[in-house]
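Novice:
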Amino acid sequence: QHPDPNRPPHRTINTMSTEAPSFKYTEDKSDPVAYLRSQDQMAREYEVKIQSVLLLQDKIKQCYRREGVNHFQNCRELTKQYKAMTGADDFYSYKPSKASE
Numbered sequence: 005q006h007p008d009p010n011r012p013p014h015r016t017i018n019t020m021s022t023e024a025p026s027f028k029y030t031e032d033k034s035d036p037v038a039y040l041r042s043q044d045q046m047a048r049e050y051e052v053k054i055q056s057v058l059l060l061q062d063k064i065k066q067c068y069r070r071e072g073v074n075h076f077q078n079c080r081e082l083t084k085q086y087k088a089m090t091g092a093d094d095f096y097s098y099k100p101s102k103a104s105e
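Read in the working numbering, the sequence shown has 96 at position 92, and its numbers run on one by one without any break.
Shown next, in the form of structure tokens:
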């Protein structure tokens, strides 16, 4: 069958959209589109932070099991990286970090 020429083309929503280079966080609700985009972007960044920590936790677990009694020395860099990621003041917040504003 041929598509109907009077019907607009089918559009899909890209749920994995990337951040625009000039993206600004906003708390101003007078522009609802910008506000919702801001909220969506913060949610995506928060989820990425959580998933990267979970991946690092898995690497640490594997290192501990592989190294046995020497895990204090041989897994030190991974644990330092984990502490740096989770020790940040804004890690558990649902707000953008100061560096990304």
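Think of the CB as a built atom: it goes at the ideal place given N, C-alpha and C, for glycine as much as any other residue.
Our contact map puts Asn74 next to Cys67 with C-beta atoms below 8 Å; I'd like the distance itself, whole angstroms only.
Specialist: Actually they do not touch by this definition, with Cβ atoms about 10 Å apart.
Novice: Under a Cβ-count criterion, where at least 16 other Cβ atoms within 10 Å of its own Cβ denotes burial, should Gln85 be classed as buried or exposed?
Specialist: Exposed, because fewer than 16 other Cβ atoms sit within 10 Å of the Cβ of Gln85.
Novice: By DSSP, does Cys79 sit in helix, in strand, or in coil?
Specialist: Here Cys79 sits in coil by DSSP.
Novice: In chain order, what residues of the same chain lie with their CB nearer than 6 Å to the CB of Arg80, ignoring the 5 residues before and after it?
Specialist: None.
Novice: Specify the secondary structure class of Asp35 as computed by DSSP and reduced to three states.
Specialist: Correct three-state label for Asp35: coil.
Novice: With distances taken between CB atoms, is the gap from Thr83 to Ile64 smaller than 8 Å?
Specialist: Yes; because the gap between Cβ atoms is below 8 Å, this pair is in contact.
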